[in-house]
Ligand SMILES: C[S@@+](CC[C@H](N)C(=O)[O-])C[C@H]1O[C@@H](n2cnc3c(N)ncnc32)[C@H](O)[C@@H]1O
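Residue numbers (this note's numbering): 36 to 309.
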């Protein structure tokens, strides 16, 4: 194994541990709308073959299966599939769950009619590899649809605040915010046979207060759970928490009556040329 491969594997192991921590299923409930938007935007049809990449607990897979498609839900973190299977069963749909890295999809070329991801592929570190894989497994005339947190939206700014508190990523890793910028995504697909369309959507986060929202994420959202664990030991968690609450308060539209904040996401549709 080369040094870079060891380094990449170490980062993937850390990512898997991060996403398996907390309780992502609780967070997924706050963002179901993104998966539904992705499926609707793609126009998933009954009887079609759908791949959901970085599917988590199935926010895109489950509505795609409900539309009558044959769905394979893949993710780096198979620990999340237990909750996903439970949700699918409750929703009365059947789909396949498979551990897989978005940078190295275990499928033959042109296998799927629809390749989807809801707030998912943007977390894989090597963006060019992911773009190539998404196009490779999509059939000519098929459609790739990705919903990604916008780089300049609430969650994009959340990451900007977190940045200085976290260890710098390795050189080969690009930040998730890139996939939330149309200019970056256009470059990623520039050499691929796809026609791109971009749209922006807004999801509303609602909670009792800005602090309650930040604390919910710190309890359940893997990346913030890990950040709190590390920073608390170094006496730095309160400073990050205060900054995140300040950002959340700035965007709060509910005044003193609670918390309601718009969070923008970019929906990318890439149609593979025939
Ligand atoms: C914010 S969650 C989104 C999950 C789900 N799509 C949703 O809408 O709720 C991000 C997901 O990306 C997955 N992920 C991170 N890196 C990945 C990679 N390299 N390959 C596949 N999945 C990855 C995580 O395990 C996690 O499930």
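Every residue, glycine too, gets a C-beta built ideally from N, C-alpha and C.
Residue i: CB within 7 Å of a non-hydrogen atom of ligand 1
i: residue 137; result: yes
i: residue 92; result: yes
i: residue 153; result: yes
i: residue 110; result: yes
i: residue 214; result: no
i: residue 238; result: no
i: residue 50; result: yes
i: residue 189; result: no
i: residue 47; result: yes
i: residue 194; result: no
i: residue 88; result: yes
First through last residue of the alpha helix (DSSP H) which encompasses residue i
i: residue 245; result: 245 to 255
i: residue 277; result: 272 to 286
i: residue 194; result: 189 to 197
i: residue 218; result: 217 to 223
For residue i, the nearest candidate out of the options (CA to CA)
i: residue 85; options: 92, 147, 132; result: 147
i: residue 216; options: 80, 300, 70, 89; result: 300
i: residue 43; options: 138, 100, 58, 73; result: 138
i: residue 67; options: 240, 192, 127; result: 240
i: residue 46; options: 149, 152, 111, 188; result: 111
i: residue 266; options: 201, 294, 100, 178; result: 201
i: residue 218; options: 303, 141, 178; result: 303
i: residue 145; options: 53, 170, 54, 210; result: 170
i: residue 246; options: 178, 273, 122, 142; result: 273
Status (buried if at least 16 other CB within 10 Å, exposed otherwise) for residue i
i: residue 157; result: buried
i: residue 104; result: buried
i: residue 264; result: exposed
i: residue 232; result: exposed
i: residue 268; result: exposed
i: residue 36; result: Caution applies to residue 36, whose pLDDT of 45 falls short of 50 and renders its modelled position unreliable; the model cannot decide the point.
i: residue 253; result: buried
i: residue 98; result: buried
i: residue 109; result: buried
i: residue 51; result: buried
i: residue 308; result: exposed
i: residue 117; result: exposed
First through last residue of the beta strand (DSSP E) which encompasses residue i
i: residue 124; result: It is not in any beta strand (DSSP E) - residue 124 instead sits in the alpha helix (DSSP H) that spans 116 to 125.
i: residue 242; result: 229 to 242
i: residue 300; result: 294 to 307
i: residue 153; result: 147 to 153
i: residue 108; result: 105 to 110
i: residue 86; result: 84 to 87
i: residue 174; result: 173 to 184
Any C-beta of chain D under 8 Å from that of residue i
i: residue 69; result: Annotation note: the requested chain D is absent from the structure, which comprises a single protein chain.
Cβ-Cβ separation, residue j to residue i (assumed contact under 8 Å), whole Å
i: residue 162; j: residue 214; result: 7 Å
i: residue 236; j: residue 72; result: 6 Å
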